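A short write-up of the structure that comes next.
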Ligand code: SF4
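In this note's numbering, the protein residues as written are 919 to 1253.
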């Protein structure tokens, strides 16, 4: 890690974090960090902190329940019409609040071997109800264009798959990676390709990041955004509004604003849902309707997403009651 990013008093704690979780920053991200600001929102997302060793009882290794819905390695089939295809568990940067922090990294669940990838594609081929394949991980755009092209060729002849979606941070953290070769690889399936960009602070939307996104949109890939609502990063309507406007200016439709998941050692990032609802409500009317994200919670245990904006959920005692897409109610935080 670049020198000068960590206070000397935290070094021992950070070594202990490094023993447990993956750490990586790209030069692009390091250049965005204001070292004079002890509360820099970019540093807070990527520079490890000893607080990551403080786990709370409600936190869990698999907070959104991927394992419960994984019929074959690399596939998560949680909803009827779509699957996650987790081809790789490496990322160019490791977010300190990552919901898959126990699975990603050099010591994590690795990259699917050609045999495992063939089995995952076989599962998609056999399940004709699968309309959309979402490549996530890890960050699928760390794969070489050659490997991406192989995956896209594998999807090309599966007629019932109409949409392929990539979830990535690459255009922001390594914008030069979005080049002609990568774009040609993404076109290789002949399917409609969407790209969901993960960014959490307006300072991430630099000119090179915007240019990388423009290359994707100009190539014919519609873009949507996903943002995690994080204490000390974007828990302010002005900051969040600026980020949403930056997305729209870049031709990216704001999509999900995620309530932070119950990943181990991430309590210092989490807000109460009521605080999140107030922040989201404050965006309404102040900024264009185009800029409004949907505030969602991944219900712990693998029950899928629930919309949790004001009036969408109710509080009972110390808990919220959250309804999944089948209409079943779940307590949050889980008891
Ligand atoms: S890019 Fe996504 S998968 Fe990778 S560390 Fe960040 S949140 Fe986790």
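Ideal placement from N, C-alpha and C gives every residue a C-beta, glycine not left out. Fair warning: this is a prediction, and the values are worked out from it, not measured in the lab.
Option nearest residue i by Cα separation, candidates the options
i, options, result
"residue 1230", "1221, 923, 1237 and 1214", "1214"
"residue 1024", "1185, 939, 1233 and 1148", "939"
"residue 1000", "971, 933 and 1043", "1043"
"residue 1123", "946, 933 and 929", "946"
"residue 1256", "1016, 1003, 998 and 954", "Limits of the chain in this structure are 919 at one end and 1253 at the other, which puts residue 1256 out of reach."
"residue 1199", "1181, 1168, 1097 and 1158", "1158"
"residue 1018", "1131, 1091 and 1216", "1216"
"residue 1098", "1071, 1083 and 1132", "1132"
"residue 1253", "1233, 996 and 975", "975"
"residue 966", "935, 1207 and 981", "935"
"residue 1235", "1249, 1224 and 1022", "1249"
"residue 931", "1144, 1006 and 970", "970"
Cα-Cα separation between residue i and residue j, rounded to whole angstroms
i, j, result
"residue 942", "residue 1218", "27 Å"
"residue 1150", "residue 959", "6 Å"
"residue 1247", "residue 1237", "12 Å"
"residue 1002", "residue 1095", "23 Å"
"residue 988", "residue 1051", "14 Å"
"residue 1175", "residue 1068", "32 Å"
"residue 961", "residue 1167", "25 Å"
"residue 1061", "residue 1008", "9 Å"
"residue 1093", "residue 1010", "11 Å"
"residue 1206", "residue 1171", "12 Å"
"residue 1088", "residue 1241", "33 Å"
Near the ligand ZN: residue i beta-carbon under 7 Å from a heavy atom
i, result
"residue 1142", "Absence of the ligand ZN from the depicted structure is noted, with the ligand SF4 being the only ligands included."
DSSP-derived helix/strand/coil call for residue i
i, result
"residue 1087", "coil"
"residue 1009", "coil"
"residue 1197", "helix"
"residue 934", "helix"
"residue 1003", "strand"
"residue 1050", "strand"
"residue 1216", "strand"
"residue 1107", "helix"
"residue 1162", "helix"
"residue 1070", "helix"
"residue 939", "coil"
"residue 1144", "strand"
"residue 1042", "helix"
"residue 1063", "helix"
"residue 1237", "strand"
"residue 1100", "helix"
"residue 928", "helix"
Chain-order list of residues whose beta-carbon lies under 8 Å from that of residue i (same chain, five-residue window excluded)
i, result
"residue 1086", "1057, 1058, 1059, 1113, 1114, 1115 and 1116"
"residue 1227", "1195, 1198, 1199, 1212 and 1213"
Close Cβ partners of residue i (< 7 Å) along its chain, the five nearest in sequence each way excluded
i, result
"residue 1189", "1147, 1149 and 1153"
"residue 1048", "999, 1000, 1001, 1042, 1078 and 1079"
Sequence-distant residues of its chain with Cβ nearer than 6 Å to residue i (five each side left out)
i, result
"residue 951", "958, 960 and 961"
"residue 1070", "1106 and 1107"
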